[in-house]
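Asker: The number in my numbering is simply the position in the sequence shown, starting from 1, with 861 added.
What follows is a structure written as structure tokens; I'll ask about it next.
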Amino acid sequence: MQYYANKGKEYVRQQTQEISMKIRDSLKEYKIKEALDNIETLYAYKVELDKVVNIKQSCEQVRSKVTEIFQEA
Numbered sequence: 862m863q864y865y866a867n868k869g870k871e872y873v874r875q876q877t878q879e880i881s882m883k884i885r886d887s888l889k890e891y892k893i894k895e896a897l898d899n900i901e902t903l904y905a906y907k908v909e910l911d912k913v914v915n916i917k918q919s920c921e922q923v924r925s926k927v928t929e930i931f932q933e934a
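Next comes the structure, spelled out in structure tokens:
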């Protein structure tokens, strides 16, 4: 049973990293709508899965990048 729990956690971490990369790429290309859609998805993951899997690092990286992009604008 622990094996499946670990696989599930790893899958969620991988998904959050992929979403984070999509957000960063979208922000670099100033595709704000696409970035916001992915931020919404990441936030939903955080709300639903934060007690099971720690995705705080991905969320902090995204928050930092969003702040950086909008300060430059």
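Here a beta-carbon is modelled for each residue, glycine too, at the ideal position from N, C-alpha and C.
Can the beta-carbon of Lys907 be found less than 7 Å from the beta-carbon of Ile916?
Answerer: Yes, these two residues count as a Cβ contact at 7 Å.
Asker: Nearest-angstrom Cα distance between Ser925 and Leu897?
Answerer: 14 Å
Asker: Assuming Ser881 and Gln922 form a contact by the criterion Cβ under 8 Å, report the distance between their Cβ atoms to the nearest whole angstrom.
Answerer: 6 Å
Asker: Is Asn867 helix, strand or coil by DSSP?
Answerer: helix
Asker: Between which two residues does the alpha helix (DSSP H) holding Asp898 run?
Answerer: Residue range 893-910 is occupied by the alpha helix (DSSP H) that includes Asp898.
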